[in-house]
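Asks:
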Amino acid sequence: MMVYLKLLRKLLLFLFTLPVFFFIFFPVLWLFSASLSTQVELFAIPPHWIPQHPTLQNYLDIIFPSLATSSVPRTYAVALINSIKIASAVTVISIGIGSLAAYALVRIPFRFNRTIQLGIIATRMIPEVSLILPLFIIASSLRLINKPIVLIVTYMSFALPYAIWMMAAFFQTVPIELEDAARIDGCTRPGILFRVVLPISVPGLVSTAMFTFLLAWDEFFYALIFTSTLAAKTAPVAIAEFVGRYAVNINGMMAGGIIAALPPVILALIFQRYIVSGMTAGAVKG
Amino acid sequence: MDLRYKADPPNIFEMTAISPTRPRRRLSLRQQDARTAWLLVIPSLVVILGVALWPIIYTFILSFYHAPTGINQVRTFVGLGNFIEMVKDQTFWETIGRTMYFTVASVGLEMVLGMAIAQLIHFHPWGWKFLRFCLIIPWAVPTIVNGAMWRWIYSADFGALNSLFMQLGLIKHYIPWLTLPNLAMPLVILADVWHMMPFVALILQAALATLPIELDEAAAVDGANAFQRFWQIRLPLLRPAILVALIARTVDAFRVFDIVYILTSSGPANKTLTITYLTYLNSFPWGKQGIGAALSFLISIFTISMALIFIRFLYRPEETQ
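Protein chains in written order, with the numbering used here: chain Z, 61 to 346; chain F, 13 to 333.
(1) Name, please, each residue of chain F whose Cβ falls closer than 8 Å to the Cβ of Z/Thr135.
(2) Looking only at C-alpha atoms, which of Z/Ser97, Z/Leu329, Z/Pro106, Z/Ile310 sits nearest to F/Arg163?
(3) Against chain Z, which members of the stretch 279-297 of chain F pass a CB distance test of less than 8 Å?
(4) Does the beta-carbon of Z/Glu188 have 16 or more other beta-carbons within 10 angstroms, so that it is buried, or is it exposed?
(5) Tell me the rounded alpha-carbon separation between F/Val53 and Z/His108.
(6) Check the Cβ-Cβ distances between Z/Gly317 and every residue of chain F, and say whether any is below 8 Å.
(7) State the beta-bridge partners of F/Tyr77 as determined by DSSP.
(8) For F/Lys300, which residues does DSSP report across the bridge?
(9) Spatial neighbours of F/Phe211 within its chain, please: CB distance less than 6 Å, with the 5 preceding and 5 following residues excluded, ordered by chain position.
(10) Could you check what DSSP says for Z/Arg203 in three-state terms: helix, strand or coil?
(11) Less than 8 Å between CB atoms is the rule here; does F/Arg34 satisfy it with respect to chain Z?
(12) Find the residues of chain Z that neighbour F/Trp138, judging by a C-beta separation of less than 9 Å, and give them in chain order.
(13) Out of F/Ser295, F/Asn237, F/Asp270, F/Ile321, state which residue places its alpha-carbon closest to the alpha-carbon of F/Ala257.
(14) In three-state terms, what does DSSP make of Z/Ile168?
(15) Hey, out of F/Val119, F/His136, F/Thr107, F/Thr286, whose CA is closest to Z/Lys66's CA?
(16) For Z/Arg184 and Z/Trp225, which I take to be in contact (beta-carbon distance under 8 Å), what is that distance rounded to the nearest angstrom?
(17) Do the stretch 124-142 of chain F and the stretch 287-295 of chain Z make contact, defined as three or more Cβ pairs closer than 8 Å?
(18) Excluding five sequence neighbours on each side, which residues of the same chain lie with their C-beta closer than 8 Å to the C-beta of Z/Leu265?
(19) So which of F/Phe177, F/Phe242, F/Val59 has the shortest CA-CA distance to Z/Phe218?
(20) What three-state label does DSSP hand F/Arg267 in the structure shown?
(21) Do F/Phe76 and F/Phe89 have their C-beta atoms within less than 8 Å of each other?
(22) Which chain F residues sit within Cβ distance under 8 Å of Z/Trp277?
(23) Output the residue ranges of the alpha helix (DSSP H) runs that lie fully inside the stretch 177-225 of chain F and measure 4 residues or longer, sorted by chain position.
(24) Could you pull out every unbroken alpha helix (DSSP H) segment of at least 4 residues lying fully inside the stretch 130-175 of chain Z, listed in chain order?
(25) Identify, in the order they occur along the chain, each residue of the same chain with its Cβ nearer than 7 Å to the Cβ of Z/Phe85, setting aside the five sequence neighbours on each side.
(26) Counting only Cβ-Cβ distances shorter than 9 Å, please list the residues of the stretch 174-188 of chain F near chain Z, keeping chain order.
(27) Taking only beta-carbon atoms, is Z/Gly312 less than 8 Å away from chain F?
(28) Are the C-beta of F/Val59 and some C-beta of chain Z separated by less than 8 Å?
(29) Leaving out the 5 sequence neighbours to the left and right, which residues in its chain are closer than 6 Å to Z/Trp180 when beta-carbon positions are compared?
(30) Taking Cβ to Cβ, would you say F/Phe296 is nearer than 8 Å to F/Gln131?
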């Protein structure tokens, strides 16, 4: 009797998970299926939930644009490359200078240490919209609009505080005894950082890099204001530009959306065990 | 006379320094450390001062000027003029209300659903690890892709929502969902809930997993039913995690822009116009930089005060591991 009751309970709980799975997967699976169909099938009534004539053409147009492909997938490929370049540069710079600052803030007592820490949390909370006007005024006077460098620099306003904060959390877990031991052996402060702390914080560096990349990849507001040409336009801007119009190639853009979602989703799934600590360290996305 | 006291008191930091060859001129270890610390911090500090602190001060100053965009436009000091113009504007108050509506509804739904899913995972139903794995997907999808996806789902011509409702026999003909004034905001909220509910669920689930299971079992032995165990045992213990998720989501939701931009562009008839969107409109398309600066200053005040609460709850030394 108890066994049946337990089984019934398990079954009941399992039934509760089904609507959750449906809610998670219905939108993405529909988008995926639509990205594999042709325009004709997309507009079919009654709908074809699974395309009857699936095609990879929408993806191929973006990944291998030829002269024959229309301008939408061709420009999208350029935007994707811009996104990759900008997000990578932001990640490398934030980790590079952020990990140094994070170490000093966590392990070295000096004047204004706490003030700087609080300042960094506060910076993390400043919305992008509050910084955009001055940044825009300067960027236009320096003729930096539509140059990738302007996005790399402005993305620092959220990526750097985030990287510092997350690295600080990782450095806190490094046993202080290890540093003391190195010190007794005659290691200098920079020596401790580069030979002891950083090498054993590699998992932390990698997951911070992943989160910073995600943030930069996701960013839309600065990219919308600062870029309009192909020289620096990022993937989110390219998608947004397209979505408003009722134009030729909706399935093509659906494939574009899937492609833009793949890097962050794959990264997040690979690093899933760091996700929650990253979420609480940064706490705010975007 | 005791000569010992005439000598300089020994510097304890120097005594710990390694090989003090010239003790008097050498910096103490602590001073050396402080110097290293500044060298390590300065690159980041310069960047943050340049791209965040200085611009926010500039924004504050700009909010006291009448500053139209365009060549040959002159800025004139208007004192609190922008703020007065702002609060006199009916649209401003409606926008504040609408932003509150979005924030309360989307964060509320995300908290309730996130909590429910975290509890569900806690009971380890079949496939709970897979469920936890899948929850990452909506959260990792970029905001703009999420917005575009829902815009296509709500599409009047081919959207999945119309297809689904039609096949279920709920509607007879396709409906242009996003043009319905009273439905636009709820639909934006639904898209946001899909995107951010996993964030709440994952944070709460992780906190729940660290709670001692014995407490639950002991309460069960004492005759507490499932609801009592949830309300009186697990919920109070989850308080810190709930606060983290709640405040993070509130700060984030209050400044919503991306998803509104891509789903509805503030329409129909301003029904989804939020405060950040209004700031964007003033600052760029309308070219009223002074008003834009005043509005964004207001958003900063709200966000920073939320941040202060956040720090108060999060930055307690006894809670830092």
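Idealized CB from N, CA, C, for every residue including glycine.
Replies: According to the structure shown:
(1) Identification of chain F residues near Z/Thr135 by a Cβ-Cβ cut-off of 8 Å yields none; the smallest Cβ-Cβ distance measures about 16 Å.
(2) Out of Z/Ser97, Z/Leu329, Z/Pro106, Z/Ile310, Z/Ile310 has the C-alpha closest to the C-alpha of F/Arg163.
(3) Here the close residues are Thr288, Thr291, Tyr292, Ser295, Phe296.
(4) So Z/Glu188 ends up on the buried side.
(5) Rounded to whole angstroms, F/Val53 and Z/His108 show a C-alpha spacing of 58 Å.
(6) Yes, Z/Gly317 lies at the interface with chain F (some Cβ there is under 8 Å from its Cβ).
(7) The partner list for F/Tyr77 (beta bridge, DSSP) reads F/Phe89.
(8) Within the DSSP secondary-structure output, F/Lys300 pairs in a beta bridge with F/Pro80.
(9) In chain order, Trp151 place their CB closer than 6 Å to the CB of F/Phe211, counting only its own chain and leaving out the 5 sequence neighbours on each side.
(10) Look at Z/Arg203 here: in three-state DSSP terms it is coil, with no helix or strand label.
(11) Unreliable placement is indicated for F/Arg34, whose pLDDT of 48 sits below 50; the coordinate value is still reported in the next sentence. No, because no Cβ of chain Z sits closer than 8 Å to the Cβ of F/Arg34.
(12) In chain order: Lys70, Leu71, Leu73, Phe74, Thr77.
(13) Nearest of F/Ser295, F/Asn237, F/Asp270, F/Ile321 to F/Ala257, Cα basis: F/Ile321.
(14) It is coil, neither helix nor strand.
(15) Here the closest residue by C-alpha is F/His136.
(16) Contact between Z/Arg184 and Z/Trp225 is confirmed by a C-beta separation of about 6 Å, below the 8 Å threshold.
(17) Contact between the stretch 124-142 of chain F and the stretch 287-295 of chain Z is not established, with fewer than three Cβ pairs separated by less than 8 Å.
(18) Around Z/Leu265: Ile155, Ser159, Met227, Phe230, Leu258.
(19) Among F/Phe177, F/Phe242, F/Val59, the Cα nearest to that of Z/Phe218 is on F/Val59.
(20) Shown here, F/Arg267 sits in coil according to DSSP, grouped into three states, outside any helix or strand.
(21) Yes, Cβ-Cβ distance for F/Phe76 and F/Phe89 is below 8 Å.
(22) Residues of chain F passing the Cβ test: Pro154.
(23) Along the stretch 177-225 of chain F, the alpha helix (DSSP H) occurs as fully enclosed runs of 4 or more residues at 193-221, listed in sequence order.
(24) For the stretch 130-175 of chain Z, the continuous alpha helix (DSSP H) assignments of 4+ residues that do not extend past its boundaries occur at 131-167, in sequence order.
(25) The beta carbon of Z/Phe85 sits closer than 7 Å to no other beta carbon from its chain once the five residues preceding and following it are set aside.
(26) From the stretch 174-188 of chain F, only Asn174, Ser175, Leu176, Met178, Gln179, Tyr186 have a Cβ closer than 9 Å to chain Z.
(27) Output row for Z/Gly312: interface = no.
(28) At a cut-off of 8 Å between C-beta atoms, F/Val59 counts as an interface residue with respect to chain Z.
(29) Note on identity: in this sequence residue 180 of chain Z is Ile, with Trp being the wrong assignment. For Z/Ile180, where only same-chain residues beyond five positions count, the Cβ hits under 6 Å are Pro221, Ile224.
(30) Not closer than 8 Å, so no.
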